[in-house]
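Below is one structure, written out as structure tokens; the observations come after it.
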Ligand SMILES: [Zn+2]
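Numbering (the numbering used here), first residue to last: 1414 to 1733.
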């Protein structure tokens, strides 16, 4: 990787502190193990702040095209997999599942006040937040997804966080698997700070770059998710980023959703460069694996979380 960086006239710069990205994290190139995007990537850690980043990083226009082509409503709607997933999430079984598998998206938290779900998609999270006492609304750039959420009775703004202004301040802002997608996570946190009440809370979940599963699965770890995952946070880099943007961590815990482990196993078994990994959307295979993993390997998942090497960081932070 040193050669890779040095061979460029302008070395890649950190999106957080502008220092040079110098330390390669992966032995070999990694690729998109979900959709089959035909490009190889590296992940480098910043020599200044330690934040890991995907290289080469698409610019915003390129990123928008990639989302349009591969994400959400472009490729997947009303498939057998999505229908079964929706049925499960709307059943009483889902609450039971959250209790044993862990709730990384704050779907079981009770409270009150104004809540903004950034990247709310078609409003699944909004439904949970509303039913648990919050006045919930969303930000969603995908107009089709936003329309579906509006159809459920929610206010959804088709804005970027940067362009979003409102009279109202929020008591809670949720970034559930969103921050790692940002081309400028520092700016994202600052805009959230602007939109929160004086004692407002920010709820974050994102993959953990120190996950033991990343060591086990190597380039097939599902949470590389290049190029969509731009920044790869650890407890330290996330804490530093929050502190820099004037947030204090109230609670930080680690979870390892069985679904994420199942996806890593499927990627390890089936992913090939440049080809979509279709078994990731096999409802039978995914369901069998998650029950197997949760049933048999729960002590490993528990130990991983306890030793701060779980797959997902779940953080509640307070504006200061
Ligand atoms: Zn840096």
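We put the CB at the ideal spot given by N, CA and C, even for glycine. Here the structure is a predicted model, which means the values were calculated and not measured.
Separation of residue 1530 and residue 1641 (C-alpha to C-alpha, rounded to the nearest whole angstrom) is 19 Å. 1613 is the residue among 1613, 1428, 1724 whose C-alpha sits nearest the C-alpha of residue 1731.
For the 8 Å CB-CB criterion, residue 1435 and residue 1462 do not form a contact. Going by DSSP, residue 1607 is part of the alpha helix (DSSP H) stretching over 1598-1608. Residue 1552 has its alpha-carbon roughly 7 Å from the corresponding atom of residue 1573.
Distance from the CA of residue 1429 to the CA of residue 1646, rounded to the nearest whole angstrom, comes to 12 Å. Excluding five sequence positions before and after residue 1637, the CB atoms of its chain that fall closer than 6 Å to its own CB belong to 1443, given in chain order.
Taking the CA atoms as reference points, residue 1567 sits about 14 Å from residue 1556.
Under the three-state reduction of DSSP, residue 1620 is assigned to strand. For residue 1539, the Cβ stays outside the 7 Å cut-off from all heavy atoms of ligand 1. In the three-state reduction of the DSSP assignment, residue 1470 falls in the coil class, being assigned neither a helical nor a strand state.
Remark: three or more beta-carbon pairs, one from each stretch, lie closer than 8 Å, so the region 1617-1624 and the region 1714-1732 are flagged as touching. Taking 7 Å as the cut-off, one finds at least one heavy atom of ligand 1 near enough to the beta carbon of residue 1429. When 1683, 1668, 1585 are compared, the shortest CA-CA separation from residue 1713 is found for 1668. With a 10 Å radius around the Cβ and a threshold of 16 neighbouring Cβ atoms, residue 1482 comes out exposed. Proximity to residue 1522 across 1585, 1475, 1448, 1473 peaks at 1585, based on C-alpha coordinates. The beta carbon of residue 1563 is closer than 6 Å to those of 1569 in its chain, skipping five residues each way along the sequence.
In the DSSP annotation of this structure, the continuous segment of the beta strand (DSSP E) that includes residue 1586 starts and ends at 1583-1589. Annotation for residue 1499: the continuous alpha helix (DSSP H) segment containing it runs 1493-1502. Under the three-state reduction of DSSP output, residue 1551 falls in the strand class. Sequence-distant partners of residue 1528 (beyond 5 residues in either direction) whose C-beta falls short of 8 Å from its own C-beta, in its chain, are 1542, 1547, 1548, 1549, 1550, 1583, 1584, 1585, 1586, 1587. Looking from the CA of residue 1456, the closest CA among 1575, 1493, 1437, 1576 belongs to 1437. In this structure, residue 1435 has its beta carbon at no less than 7 Å from each heavy atom of ligand 1. Beyond the five residues adjoining it in sequence on each side, residue 1453 comes within less than 6 Å, by CB distance, of 1442, 1444 in the same chain, given in chain order. With a threshold of 16 other beta carbon atoms within 10 Å, residue 1718 meets it and is buried.
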